[in-house]
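> I have a structure I would like to understand better, so I am pasting it below and will then ask my questions one at a time.
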Amino acid sequence: MLTGERVRLRALEPADSEDMWRWYHDSEVGRWMDDSPPISLAQNIEKGQNRPRNTFEEMVLGIEALDDQKLVGYVVLGETDFRHGEATVQSIAIGDRSRWGSGYGTDALRVICRYAFEEMGLHRLTLWVVADNTAAVRAYTKVGFVEEGRRREAFRTRGKRHDFLMMGLLSSELR
13 MLTGERVRLR
23 ALEPADSEDM
33 WRWYHDSEVG
43 RWMDDSPPIS
53 LAQNIEKGQN
63 RPRNTFEEMV
73 LGIEALDDQK
83 LVGYVVLGET
93 DFRHGEATVQ
103 SIAIGDRSRW
113 GSGYGTDALR
123 VICRYAFEEM
133 GLHRLTLWVV
143 ADNTAAVRAY
153 TKVGFVEEGR
163 RREAFRTRGK
173 RHDFLMMGLL
183 SSELR
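Once you know that position 47 of the sequence shown is 59 in the working numbering, the rest is easy, because the numbers rise by one and skip nothing.
This is how it looks when you write it as C-alpha cells:
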C-alpha cells in the first residue's frame with residue numbers, strides 16, 4: 013500500500029529504536045533539524061515501546077529500502093486538517109548516510125504525498141526546509157513542491173543563521 017520504486021513506508025517498531033537513536037546522534041544527519049536534548053539509548057528504546065499509535069492526524073513512518081528491507085530513514089506527516097484538506101510533512105530524513113543521494117528520500121516523499129492525496133483525500137501539503145539544505149530542496153522540487161514563502165534567519169545551526177523556506181504542493185502538482 014505504501015510502496016514506491018525504491019522504498020516502502022511502514023509503522024515504526026520498537027526494534028527500530030536503536031537505528032533511530034544512532035541517527036539522532038549523528039551530527040551530519042541532524043544538521044538541518046531542530047536539536048533536542050540528547051537522550052540515552054535506553055530512553056529511546058522506552059520511547060519506541062510507548063510510541064503513540066499512528067492516526068490520520070499524525071503518523072510517523074519508517075522508510076524501508078525495498079532491495080534489502082533495511083530501515084534507512086523516517087517521515088512524519090501531521091497537522092492534518094480534513095476540513096481544509098491539508099497537512100504538513102513535518103520531517104523526513106534518510107538516517108543511513110550510506111544511502112544518501114540514491115533517491116530513497118525523493119521516493120519516500122512521493123509515496124507519502126500520494127498516500128495523503130489518494131488515500132486520505134487531502135488537497136494540499138506544506139513543509140518547511142532550511143534554504144541552504146540544497147539536497148532536500150532539490151528532492152522536494154522534483155516531487156512538485158514550490159516555494160511559497162520565506163522566514164528570514166529563522167534557523168540556527170553551528171553558529172550560523174539560515175532562512176526557512178515554506179514549500180507547498182497541491183494534489184494536481186504531484187510528479
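Heads up, the beta-carbon is just placed ideally off N, CA and C, and yes, glycines get one too. Predicted model only: the values in this text are computed from it and were never measured.
Within the same chain, show all residues whose beta-carbon is closer than 8 Å to that of Asp79, passing over the 5 residues directly before and after it, in chain order.
So the qualifying residues of the chain are Arg18.
> Return the residue from the list Thr138, Leu137, Ala120 and Gln55 that minimises the CA-CA distance to Leu73.
Checked all of Thr138, Leu137, Ala120 and Gln55; the closest Cα to Leu73 is Ala120.
> In chain order, which alpha helix (DSSP H) runs of at least 4 residues are fully inside the segment 109-146?
116-126, all fully within the segment 109-146.
> So, for Leu53: in the same chain, excluding its five sequence neighbours on each side, which residues have a beta-carbon less than 6 Å away from its beta-carbon?
These residues qualify, in order along the chain: Trp33.
> Can you list the beta strand (DSSP E) stretches of 3 or more residues lying completely in the segment 56-114, in chain order?
You should have 71-77, 83-93 and 98-106.
> For Ala151, which residues of its own chain have a beta-carbon under 7 Å away from its beta-carbon, when the five flanking residues on both sides are left out?
Only Gly117, Thr118 and Leu121 meet the Cβ criterion.
> Helix, strand or coil: how does DSSP classify Asp38 here?
In this structure, Asp38 counts as coil in the three-state DSSP scheme.
> Tell me which residues share the same chain as Glu160 and place their Cβ nearer than 7 Å to its Cβ, disregarding the 5 neighbours each side in the sequence.
Closer than 7 Å at Cβ, skipping near neighbours: Met178, Met179 and Gly180.
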